[in-house]
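In order, the protein sequence lines correspond to chains A and B.
Residues 95 to 878 (the numbering used here) are what the first sequence spells out, left to right.
Residues -11 to 79 (the numbering used here) are what the second sequence spells out, left to right.
These notes are about the structure you will find just below.
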Amino acid sequence: MNGLSQKWTRFVNNKRKKASQVPLKVLKADFIRVFKEDGLIQEEDFFNMSMIYLISTFILSSPPQLSHIPKDHFLCVESGQYITYPWGNLSFFNLRHSISSQMAKDPDYVKFEGFPLALQIWFYECCNKVDGSIAIRKSNRTPRIFNWDISKNKIYFDHLQKGMFRKYGNQYTFEDLVFMDEELDIIESENLTVLSDIPFNQKSKHLPHSSAQKVGSDPSLSFNKDLQKIAQEVVKVRNELEKFEKNVDAKFVEMKAFMDSSFKYIIQELKSLQNDVSTNKDLGGERVVVEDQRKGNVDVQDEHLQDCGDKDGVQTPSSFRNHVFDNNCKFFFVSLNLFFITIFSGVSVDVEINRKTLTLDDFVMPNMRESQLVALETGQTYVSSLVDVESENICVTPLEVAKAVKTKFNQFGVIEGENTFISPVQLVRTKNPGKYAQSPYTNLSESGGTSVNTVKYCVWKHPFVNYKGFDMYSEVVLQFKKWVDSKLSKKRGKKTSFFTAASNPIDPPFEFGVGRVDLMDWFHPLAYPGQPWSDLHVDVIMYYLRKFCKYGPDNSARVTTTDPFFISWVVQIHDAWEANDKDESLISIHHEVAQYIRGDRILANTPWVDVDHVCIPVNSSAAFHWFLVVFSIRKRCLYIYDSLNGYGVKHTNAVTSLVQKISRMIPLFLVATDYYALRKDIDWNTDVHYAGRPVGDPLVYGNRENIPQQCDNSTDCGLYTCAFAEYVCRGDRNVSMSGLNAENLQLRFGALLWEYGKMKIDTESISEDEASNQGGWSNRRVKE
Amino acid sequence: MAEGSRKFIKLKIKAQDDTILHFKVNPSTIMKDIFMSYSSKKQMMNYKVFRFFFDGKRLSPKKTVNELGLKNGDEIDAMIHQDGGGSACNY
C-alpha cells in the first residue's frame, strides 16, 4: 500500500480505530460520506478522489451500503492508468451480472448495478412513445442521454409488465436505435468518432473524456454564430416585408380609385334609368301601391337582416310569405334581392375601404354576411328606385335590368365575362312556397307502403382499420375470451361439442362477407389452441386482408390474396390438362383460374395486373396442412411459406406437388388472359427474371427460409398461414419478427373478427356490396 | 303461393371436377334440401362436406332459393371443405 490508497486506508482506519488492519476494499457508503464532508480530504488528493467518486457512483453504480470499492481502483486512479482502463467493460459486466442474478428471482422491484442508465436510455430511445409516468423526454439534444428526465418514483415490475412490455395489445413498438442525420453532422463537426465504429475498449475511454470537454466548450460558440446568422436573416426578411407592404398599399390605392370611378358610372346609369322611367309613368292610385310595396320591401330587408343576424347562412326570407304579393312581385323581389346582393357586394367593399384601414381580407375574401348586410344598408335607395321601375308595369324586366347592368360592367372593363363574375354571396333559394306552409323536409309519403329500406354501410371497411401494425387492445381480447368462455359447456367428461345446444347458435349471426358464422364452434379454434382451422377461418381472414390491401389505410404494398379454393381449381385444370396430353385449348379465359387473375371471381378482388404479389393459401388434404404460396410477379417465382418446413418426406412431397401444379398453370393462364400485354412494366428483353424464357415456362419455386415455425404437436398451421399472409400484405415479405407468438396471434385474429362482427351487428350495418365488380360473373355465365 | 309453386327455377351445381348437376327447384325450397340431394347424388352422407358458393359468398343452408335471390340458370359452385392442422394431426 502506498500513496493515495495508503493515506486513504489510514484515514479510514483512524475512523474505525483499527489501525493494525489493512483493508483490501472500502465500503462505498463510507467513502461517499467522507467525500461529501468538508476538510477530510487534502486538496492535492481532491481530483483523484473525485475521479474515484465518479467511477464508483456513476459508472459502477451499486447500493452503497452493500458494495465496496476495491483497492485496485485506488491504485489505478493514483497511477493515472484509469484513463486507459476499460471501465465500460467492467460496468457492462456488472450490469449483466446483476440483471441475470436479480431477474431470476422474479422480484417486484430491482436495483441494477453497473451502468443501468444507458440501458434505460436505450429502451426509451428505441420505444416510439414512452409511458409518461416512467420517463419524459425533456429536450432533443445530441448526446441522447441528456434528453430524458426520469421520474423519482419507484417503478415496479408489475407496472412495466402491464404497460410498456405487455404481451398483447402493446401499443409501444420498439425499433432499432439509428444515428440521425443531425447527430452524424454534429459528430463530424466536432471530430468525434462514431461510437459503433471503434472497439469497445476504446469507446469506454473516449466517451467521458472527449464528449465532456467538447460539449462544454464548442456549442456555446456555434450557438452564438447561429444566433448572429438568424439575426441577419431576420433583418433581411423585415426589409422584404416592408417593401412588400408598400407595394400592396400602392396597388390597393390604385384599385380603390379605379373602383370608385367605375361605380360612379354605374350609379349614374341607374339614376338616368330611373329618370327615364319616371318621365314615362302615369300618376294616380298606382303610386300609392308602389310606396306600400316599397315599405314592404324595406320591411322584408329589415327582417332579412335580423334573420342573418340570428342564424348563420343565407336563408329564404320567411317574411315573404307574410306579405301578400302577387306572383310577379314575389318573383321580382326574390330576383331583385339576389341581383342587388350580387351588385352591391362590390359597393360594400367600397364603403368598407372608407371605414377601415386596408386589409387584404376586405378585397380578396369579403366576409359574406358582412358584405351582404352592408349591401342591404347602402343599396336600399337603389332597391326602392328599381321597385318603382318594376311595379309600375313598365316593360323593364329584371332580366333586362340585369343584362343592362352587365353590359355596363363590360363597358367599364370590370367584369369581362359571365364566368368571371363570382359572387361572394350564397344563392338564396328561389323556390316558390308550396300550397301549404310546411317544411320542405317533412316527408308526406312516409306512411305509404313504398318506403325503401335504406342500407347502412359499415364505417370500417375491414377489422384492421383501427389498429396500427399488429397492435391490439388487451381489453378487446379479454372481452372476446370472456364472451367465448361464457358460452362454454360446463359439462364434464366426454363431450361432443364445446358448447351446449342452447349456447352454440349465435343470434343474430356474424356476417363476414364471404360467409356467415352462426355457431360458436367457429370461434372456439380462435380462442383456444389445439384445433385445426377450417376453410372459412382462412377465407374470412384472407377476405379482410384483401380489403386491407385494397382500401388501406396507409398500405402501399401492392398485394392481393385469393380464397383457399383457388388451389382446387388449379388442381382440377392441371389434372384435366395432363390427362388430355397437355391440351392448350382447355386453358380458356372463362375458366375459374382465369377469373381469379382478371379479378372478377371473389369478393373485394383486385385484378392481378394491379399487384406485385399474390398470396395463395393452399390446403393439402394429403398432409392435412395449410401453407402459403406467394406469387411474386416481378420476380416470376413462387415463395412457399411453410410453417412445417422439411417436416418429412410425405409432407414435403404433398406440398411440392401442389406448388408444382400452381407453377405450371399460372403462366398458361397469364398468357391466355393477355396478362403481359396489360403489364407494361415487365420487359421481356431486359428483365433478369423474364429474359430468355418461354412465355409458358413453369414458375420457379422455393421455400422461404428463416421464417417462424409452428411448435411440434400444435395445430397452428392455419394461423401461421394467415399470419404470413398478413406480413406479406403489410409489405414485410421476410417475416422479420421471429418471435411470433402463436397464442397471442390467434387471440388477436379472434378478437379482431369478433369486434368487427359485433360492431356490424350493433350498428345494423353491412359491408358494401363487393359483388358489384363481379356482377358480370354470374350474368355472363347465364349467357354462356 | 299458388302462383309461385308453378314456377320452377333451374339451378346448376358445379363440382370441383367440372361436373355439373342440374336441379329444378321451387323458389320456396330450403337450400338444405338441395344440398342434401346433391350430396346423396355425389354419394356423400353429409352435405356439410361441401361448401356451396354463389357470387363468391357461401350459401346458407337455412334460407330458401327466393331469399337468396337465385335466378333461373344460376350456377352454384360446390367445393369440398378444407381443414388443416399441421403436425399434431399428421400421420
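Every residue gets a Cβ at the ideal spot worked out from N, C-alpha and C, and that includes glycine.
Could you tell me the alpha carbon to alpha carbon distance between A621 (chain A) and A817 (chain A), rounded to whole angstroms? 16 Å
Are there 16 or more other CB atoms within 10 angstroms of the CB of G609 (chain A), so buried, or fewer, so exposed? buried
Can you pull the chain B residues whose beta carbon is under 9 Å from the beta carbon of R695 (chain A), in chain order? G44
For K(-5) (chain B), count neighbouring C-beta atoms within 10 Å of its own C-beta (all shown protein chains included) and say buried if the count is 16 or more, exposed if not. exposed
Do you know offhand how far E207 (chain A)'s Cα is from D166 (chain A)'s? 19 Å
Helix, strand or coil: how does DSSP classify L253 (chain A) here? The sequence shown places His at residue 253 (chain A), not Leu. Here H253 (chain A) sits in helix by DSSP.
Going along chain A, which residues have a C-beta under 8 Å from S16 (chain B)? Those within 8 Å of S16 (chain B) in chain A number zero; the least Cβ separation is about 21 Å.
Rounded C-alpha distance that separates T654 (chain A) from G851 (chain A): 22 Å
What residue does the alpha helix (DSSP H) around K584 (chain A) start on, and which one ends it? Looking at the DSSP string, K584 (chain A) is not in any alpha helix (DSSP H), and its letter there is neither H nor E.
When you compare only the Cα positions, how much space is there between T183 (chain A) and D275 (chain A)? Looking at the sequence shown, residue 183 (chain A) is not Thr but Asn. Rounded to the nearest angstrom, the two C-alpha atoms are 29 Å apart.
Status (buried if at least 16 other CB within 10 Å, exposed otherwise) for G72 (chain B): buried
Nearest by alpha-carbon distance to R798 (chain A): which of A:I756, A:S726, A:F141 is it? A:S726
Using 9 Å as the threshold, is the C-beta distance between H631 (chain A) and V578 (chain A) below it? no
By DSSP's criteria, D243 (chain A) is part of a beta bridge. Which residues make up the other side? A:I230
Output the boundary residues of the alpha helix (DSSP H) element that contains F187 (chain A). 181 to 197
Counting beta carbon pairs with one atom in the stretch 798 to 814 of chain A and one in the stretch 749 to 761 of chain A, are three or more of them shorter than 8 Å? no
Mapping the DSSP letters down to three states, classify R842 (chain A) as helix, strand or coil. helix
Looking at chain B, which residues of the stretch 712 to 738 of chain A have a Cβ within less than 8 Å of any of its Cβ atoms? N713, S714, S715, A717, F718, H719, W720, S737, L738
At a Cβ cut of 7 Å, what residues of the stretch 600 to 616 of chain A count as close to chain B, listed as they run along the chain? V608, G609, R610
Evaluate the contact criterion for the stretch 564 to 575 of chain A versus the stretch 589 to 608 of chain A: three or more CB pairs, one atom per stretch, below 8 Å. no
Nearest-angstrom Cβ-Cβ length linking D633 (chain A) and D657 (chain A), presumed shorter than 8 Å: 5 Å
By the 10 Å Cβ neighbour count, where 16 or more other Cβ atoms means buried, how is K45 (chain B) classified, buried or exposed? buried
So which residues of chain B does W242 (chain A) contact, with C-beta pairs closer than 8 Å? Under the 8 Å cutoff, chain B gives no residues; its nearest Cβ is about 46 Å from W242 (chain A).
Applying the 10 Å Cβ sphere with the 16-neighbour rule, what's the burial state of D768 (chain A)? exposed
Leaving out the 5 sequence neighbours to the left and right, which residues in its chain are closer than 7 Å to D225 (chain A) when beta-carbon positions are compared? G257, M258
List the whole-angstrom C-beta distance separating Y795 (chain A) from V753 (chain A), where the pair is believed to meet the contact cut-off of C-beta under 8 Å. 5 Å
Residues in the same chain with beta-carbon distance under 6 Å from S156 (chain A), minus the five sequence neighbours each way, listed in chain order, please. E207
What do you get for L47 (chain B), buried or exposed, if any count of 16 or more other CB atoms within 10 angstroms of its CB means buried? buried
Partner residues on chain A for H69 (chain B), Cβ-Cβ distance less than 9 Å: S628, D629, L630
By Cβ distance below 6 Å, which residues in the same chain neighbour I230 (chain A) in space, the five residues on each side in sequence not counted? D243
Spatial neighbours of P626 (chain A) within its chain, please: CB distance less than 6 Å, with the 5 preceding and 5 following residues excluded, ordered by chain position. T809
Three-state secondary structure assigned by DSSP to F438 (chain A): Unreliable placement is indicated for F438 (chain A), whose pLDDT of 45 sits below 50; no coordinate value is reported for it.
Taking G812 (chain A) as the query, report the chain E residues whose CB atoms sit under 9 Å from its CB, ordered along the chain. Here chain E cannot be found, since the structure's protein chains are A and B.
Mind the definition here: the stretch 691 to 703 of chain A touches the stretch 768 to 782 of chain A only if three or more C-beta pairs lie below 8 Å; say whether that holds. yes
Hey, G61 (chain B) and K(-2) (chain B): beta-carbon distance below 9 Å or not? yes
Would you kindly check if the distance between the Cβ of R827 (chain A) and the Cβ of H707 (chain A) is under 9 Å? yes
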